[in-house]
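Numbering (the UniProt record's numbering), first residue to last: 1 to 170.
Laid out in structure tokens, this is it:
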């Protein structure tokens, strides 16, 4: 029977442009997570647009916009925890204009600071919430991470799914 591998979680934290993606990409390469040919390809492509030092960052940066702008923006799935709950943003439904509420984009791949979006939240434990229109005190939420508020919102609708429906989603 093969020995089970130990699972290691690595979190890289740093200021903007401090080299988080480059360091992580280099670590992935050194640990054998990506081969030398791929790194050489990234280096050639990066040099073509004048960003030769970004070859390791490109291990993580898959989108063209990420590579051209030199930033990591892919956030297709967000997960966060509060003191009591573990919650996943399953899907970004649509990006909306903050002032008018009009739809700007369906199924956006990212949102940035200052953007507004409609998201589907699926808590892992029961939560007491209502739509803002039904009962305003239970119709607001705040997402906190590392003791800082990272998002606030208003609950537009609540899909009161049964246990069977939730089991089918997983």
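Cβ coordinates follow ideal geometry from the N, Cα and C atoms, glycine included. These numbers were taken from a predicted model, which means no experiment stands behind them.
Inset, instruction - Closer than 8 Å by C-beta to residue 140: which residues in its own chain qualify, once you throw out the five before and the five after it? Chain order, please. - result: 132, 152, 153, 154, 155
Inset, instruction - With DSSP collapsed to three states, give me the class of residue 105. - result: strand
Legend entry - Alpha carbon of residue 56 to alpha carbon of residue 29, nearest angstrom: 8 Å
Inset, instruction - Look at the Cβ atom of residue 32, then the Cβ atom of residue 58, and state whether they are nearer than 8 Å. - result: no
Inset, instruction - Could you tell me which residues DSSP pairs with residue 141 in its beta bridges? - result: 153
Inset, instruction - Specify, as a first and last residue, the run of the alpha helix (DSSP H) that residue 41 falls within. - result: 36 to 48
Legend entry - Cβ shell of residue 50 (< 8 Å), same chain only, five flanking positions each side left out: none
Inset, instruction - Going by DSSP, name the residue or residues bridged to residue 117. - result: 95
Inset, instruction - Grab me the residues of residue 19's own chain with a C-beta within less than 7 Å of its C-beta, minus the 5 sequence neighbours each way, in chain order. - result: none
Legend entry - Environment of residue 142 [buried if 16+ CB atoms lie within 10 Å]: exposed
Legend entry - residue 126 versus residue 22: straight-line alpha-carbon distance, rounded: 40 Å
Inset, instruction - Please work out which residues of its chain come closer than 7 Å, Cβ to Cβ, to residue 138, disregarding the five sequence neighbours upstream and downstream, and give them in chain order. - result: 128, 129, 130
Legend entry - Sequence-distant residues of the same chain with beta carbon closer than 6 Å to residue 105, five excluded per side: 95
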